[in-house]
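Have a look at the structure below before the remarks.
Here it is, written out as structure tokens:
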């Protein structure tokens with residue numbers, strides 16, 4: 001699967017502990033119509049898995065149970081690779097700016 | 001309506017787009033998020049805005065399902081098409097099954113032998129430590145017990161173990177038997193990472209004598225002699241007539257690596273005596289070591305070489321001796337690796353031939369279906385859709401071929417394994433397992449996609465109207481050139497395989513014609529070991545052998561019976577150094593000869609001609625002068641002037657007696673038909689009373705039929721003596737080149753299959769071309785062309801295609817000749833006779849394949865052909 005900026009940011013958000021749909025929407029700033037398809041792709045390709053929040057917790061807070069996402073091992077590897085690429089790009093652009 | 005209700009309504013509506021199997025969870029997730037969001041941030045506009053994403057999400061899921069659905073639909077259609085034409089499907093599937101099945105079997109072999117690590121702890125760090133005699137080009141000399149202590153000082157080797165392989169007689173019940181086993185140091189099992197499954201391993205104290213005699217038995221021996229008794233520990237087993245306490249049972253399949261394995265059934269502790277521990281001359285011990293952490297093979301090898309050079313300068317016994325390390329993986333598989341790689345290459349080529357054949361069939365089918373494809377295109381099918389359909393169809397064929405191939409592979413593997421039985425490492429299990437299944441599935445999937453690509457690329461373009469207007473015979477044949485190219489490729493690959501097989505056949509024929517120096521027919525051989533206290537004294541052994549020979553010669557059908565410590569192709573050589581009276585050895589000179597001890601009539605039994613002097617007589621016994629007979633090679637090397645008779649030689653060092661040379665016999669090939677005779681000495685067994693020997697019996701009828709009578713003769717003297725390794729001499733010689741013959745048989749089968757597939761391809765291609773040209777042929781006949789010229793024309797096409805393929809194949813065979821050169825015997829890898837025969841045979845196949853279509857062309861009725869157009 002091609003890792004795009006959106007999928008990388010969604011994975012970064014999940015990795016940072018933002019584990020349900022609207023939470024990821026909030027933290028990435030992307031609309032739900034972008035975040036959800038990205039989540040579906042990531043889940044289809046095995047970078048994230050999902051599970052349902054325990055019913056007891058949700059009932060205690062008086063709302064339906066939410067679906068939680070977490071990174072798989074290959075998701076962590078893919079995220080690391082994407083972040084490294086971003087860091088290299090960042091370093092390269094700083095260098096170019098410095099020589100201008 | 002509240003914003004939340006509106007948003008939930010939107011989600012409910014969008015849910016209809018979501019595939020049914022995902023719908024419930026999807027709706028539940030969106031509802032939960034919207035509820036939660038409404039509780040946390042009840043801003044109305046924001047909730048509605050967030051809910052609109054559900055439409056994009058639902059559309060995305062539907063599009064995914066659609067793609068999947070379409071492919072599933074294509075697969076279903078492909079299955080229906082495949083079963084609608086069972087004949088065609090069977091042809092393609094069988095062709096692929098042949099190619100894939102043979103490859104699965106060979107992959108199982110390669111995977112087990114070359115790709116998987118050996119079943120020991122960290123096997124990549126394990127090495128054999130050999131001594132070497134560079135002056136004699138000996139690269140694997142066994143070491144001595146002295147070296148055990150010496151090598152313990154090596155820093156590059158962190159663990160060291162020693163083993164002395166041997167054979168032992170087990171008695172104590174009604175079934176005496178001879179088994180293989182090894183005396184091993186206590187360090188051996190921890191070094192390999194193996195341990196008894198019941199009981200204990202050996203202790204360090206048991207490396208030295210003075211400890212109680214114990215034994216560890218193999219799983220097989222435990223089951224055979226002890227009925228898998230769980231309480232076997234503490235029981236006694238009689239080994240060479242002496243009791244030993246069983247202290248352990250090894251797990252099934254546990255064995256020493258490489259040349260140490262040999263079906264080892266008995267593990268004994270080293271129990272070295274004080275004199276044995278310091279022995280510097282007995283080169284009968286094999287060493288295994290583990291590379292120290294952080295040390296590379298090169299570093300450890302350099303250290304060992306420097307160390308060996310130092311010892312060589314200090315110890316006269318080690319003066320010319322070097323040392324080297326060989327990783328156990330290399331040691332275990334080096335003999336069979338070239339043959340396995342050659343076979344893997346050849347079955348790979350067969351898979352290419354089978355794939356080309358299947359491609360030809362699929363192309364012909366695609367060509368026949370151009371109307372259907374044109375209609376699909378006109379109805380809006382994109383190239384992507386047509387590709388998807390083509391891949392789905394090919395995948396169905398390839399998957400069926402793969403499944404059938406896996407079944408065929410299991411059968412092929414069972415047929416192939418016995419061909420290489422002796423050359424395969426004992427410690428590994430070879431079977432069709434999950435890895436082979438994955439390999440087969442992967443090959444099938446790749447082939448499926450490739451066929452899809454080939455069919456799509458060669459699909460005739462053209463507008464619907466052109467295709468529909470054109471009759472089947474007048475439209476240009478877009479796949480014709482491709483089919484021709486595929487036929488040429490198949491013929492070329494078949495020629496490469498046939499050449500390789502032809503060269504191997506030529507080698508095996510030449511090997512079987514080699515004269516070993518004696519008559520191998522009508523010769524029965526078996527081994528015997530005089531173990532136990534009854535035979536401790538030499539006179540008792542001499543009396544036994546005399547008694548046994550007399551009994552054997554009395555058996556009807558036995559012409560001669562004789563004894564030798566080592567018969568040709570008996571699996572051992574027994575080289576020793578010797579000196580010549582009155583001729584001091586030059587510094588650095590090695591004088592080595594193989595030693596055999598034989599009964600007087602051994603040479604008559606084997607039919608080995610006397611060159612000069614005399615043979616042994618009954619008077620050459622312990623009371624007579626020590627005498628020796630040498631072979632022609634030894635005589636020529638040391639007495640080139642022909643004055644060897646009456647000279648005296650001494651085997652080993654000083655206390656050993658001088659032996660007078662009384663005769664010279666003709667050379668024999670002892671180890672292998674491919675190796676010239678080495679220097680040999682024969683001594684009368686009556687003067688040495690060796691306890692381990694082989695009986696050689698010359699018979700007038702079938703030698704194997706005399707085995708029960710021979711066994712009875714032995715047991716009439718001593719029922720506790722097992723006879724073992726019973727084989728006719730022809731069997732022994734055949735076994736010495738079993739690997740070459742196995743490789744030849746496999747190559748031959750592969751090549752014949754490839755040639756048969758090519759024949760079918762030539763036939764199919766010419767038949768198809770004739771079908772396309774029927775109106776043209778009809779016209780030619782109507783215009784006065786003779787039927788013979790039409791026949792010749794069609795046959796010419798078959799021969800031309802094959803001729804081009806054969807030329808390409810010969811070029812390929814010559815280019816790849818280096819791959820096979822090492823496996824040949826007295827045959828050049830570019831042997832012109834073999835290549836010519838192969839080309840002629842291929843042309844013969846082409847003519848045979850072309851005759852039926854050519855006859856069909858010849859019989860075309862011009863009137864019917866022209867009317868049909």
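Residue numbers (this note's numbering), protein chains in the order written: chain A, 1 to 100; chain B, 1 to 869.
Note that beta-carbon positions come from the ideal geometry of N, C-alpha and C, so glycine has one too.
None of the values given here were measured: they were computed from a predicted structure.
Exercise. Would you mind giving the Cβ-Cβ distance between residue 177/B and residue 708/B, rounded to the nearest angstrom? I have them listed as a contact below 8 angstroms.
Key: The Cβ separation is near 16 angstroms, so there is no contact.
Exercise. List the endpoints of the continuous beta strand (DSSP E) containing residue 608/B.
Key: Note, residue 608/B: premise wrong, no beta strand (DSSP E); not H, not E.
Quiz item: Smallest Cα separation from residue 66/A: which of 52/A, 36/A, 91/A?
Solution: 52/A
Quiz item: How far does the beta strand (DSSP E) with residue 51/A in it reach, from first residue to last?
Solution: 48-52
Practice problem: Would you give the residue range spanned by the alpha helix (DSSP H) that residue 222/B belongs to? | Solution: 219-226
Quiz item: Contact between the segment 770-782 of chain B and the segment 371-386 of chain B: three or more CB pairs below 8 angstroms?
Solution: no
Exercise. May I ask you to list, following chain order, the residues of the segment 19-49 of chain A that have a beta carbon less than 8 angstroms from some beta carbon of chain B?
Key: 20, 21, 22, 25, 31, 32, 33, 34, 35, 36, 37, 40, 44
Self-check item: Distance, residue 131/B Cα to residue 140/B Cα
Solution: 6 angstroms
Quiz item: What number of angstroms, rounded off, separates the C-alpha of residue 324/B from the C-alpha of residue 738/B?
Solution: 29 angstroms
Self-check item: Any 3 or more C-beta pairs closer than 8 angstroms across the segment 512-526 of chain B and the segment 724-738 of chain B
Solution: yes
Quiz item: Is there contact here, the segment 294-304 of chain B with the segment 162-169 of chain B, by at least three beta-carbon pairs under 8 angstroms?
Solution: no
Quiz item: Quick one: complete beta strand (DSSP E) runs, 3+ long, within the segment 830-856 of chain B?
Solution: none
Exercise. Could you tell me whether any Cβ in chain A is nearer than 7 angstroms to the Cβ of residue 38/B?
Key: no
Exercise. Tell me, please, whether the CB atom of residue 87/A is closer than 7 angstroms to any CB atom in chain B?
Key: no
Exercise. Decide if the segment 98-113 of chain B is in contact with the segment 402-422 of chain B; the criterion is three or more beta carbon pairs, one per stretch, under 8 angstroms apart.
Key: yes
Exercise. Pull up the CB-CB distance for residue 8/B and residue 58/B, whole angstroms please, since I reckon it's below 8 angstroms.
Key: The pair is not a contact, with the Cβ atoms about 14 angstroms apart (cut-off 8 angstroms).
Quiz item: Are the beta-carbon atoms belonging to residue 303/B and residue 153/B less than 7 angstroms from one another?
Solution: no
Exercise. Identify, in the order they occur along the chain, each residue of the same chain with its Cβ nearer than 7 angstroms to the Cβ of residue 745/B, setting aside the five sequence neighbours on each side.
Key: 419
Quiz item: Leaving out the 5 sequence neighbours to the left and right, which residues in its chain are closer than 7 angstroms to residue 472/B when beta-carbon positions are compared?
Solution: Residue placement at residue 472/B is flagged as unreliable, the pLDDT there being 47, under the threshold of 50; a coordinate-derived value is accordingly withheld.
Self-check item: Residue-chain proximity (residue 9/B, chain A), Cβ-Cβ < 7 angstroms
Solution: no
Quiz item: Among the residues of its own chain, which have a CB less than 7 angstroms from the CB of residue 19/A, if the five just before and after it don't count?
Solution: 68, 69, 70
Exercise. Residues of the segment 55-66 of chain A with a CB closer than 9 angstroms to any CB of chain B: list them in chain order, please.
Key: 58, 61, 62, 63, 64, 65, 66
Practice problem: Could you work out which residues of chain A lie near residue 768/B, taking near to mean beta carbons separated by less than 9 angstroms? | Solution: Under the 9 angstroms cutoff, chain A gives no residues; its nearest Cβ is about 44 angstroms from residue 768/B.
Practice problem: For the beta strand (DSSP E) holding residue 576/B, just list the boundary residues, first then last. | Solution: 575-580
Quiz prompt | Beta-carbon contacts of residue 475/B that lie in its chain and below 6 angstroms, excluding the five residues immediately before and after | solution = Below a pLDDT of 50, predicted positions are generally treated as unreliable, and residue 475/B, at 44, falls in that range; the measurement from the model is reported next regardless. Cβ within range, chain order: n/a, list empty.
Quiz item: What are the boundary residues of the alpha helix (DSSP H) that includes residue 127/B?
Solution: Taken as a continuous stretch (DSSP letters only), residue 127/B belongs to no alpha helix (DSSP H), being part of the beta strand (DSSP E) at 126-133.
Practice problem: Excluding the 5 residues preceding and the 5 following residue 763/B in the sequence, name in chain order all residues of the same chain whose CB lies nearer than 8 angstroms to its CB. | Solution: 849, 850, 852, 853
Self-check item: CB contact below 7 angstroms: residue 57/B versus chain A
Solution: yes
Quiz item: Touching or not, the segment 498-509 of chain B and the segment 830-840 of chain B, by the rule of three or more beta carbon pairs under 8 angstroms?
Solution: yes
Exercise. With a floor of 4 residues, list each alpha helix (DSSP H) that falls wholly inside the segment 377-445 of chain B, ordered by position along the chain.
Key: 383-416
Practice problem: Name the one or two DSSP bridge partners that residue 249/B has. | Solution: 198/B, 217/B
Self-check item: Own chain partners of residue 251/B with C-beta closer than 7 angstroms, once the 5 adjacent residues on each side are dropped
Solution: 197, 219
Quiz item: Ends of the beta strand (DSSP E) at residue 165/B?
Solution: 157-171
Quiz item: Listing by chain order, which chain A residues have their CB less than 9 angstroms from the CB of residue 52/B?
Solution: 31, 32, 33
Quiz item: residue 693/B lies in the beta strand (DSSP E); which residues open and close that run?
Solution: 692-699
Self-check item: 7 angstroms Cβ cutoff met for residue 112/B and residue 428/B
Solution: yes
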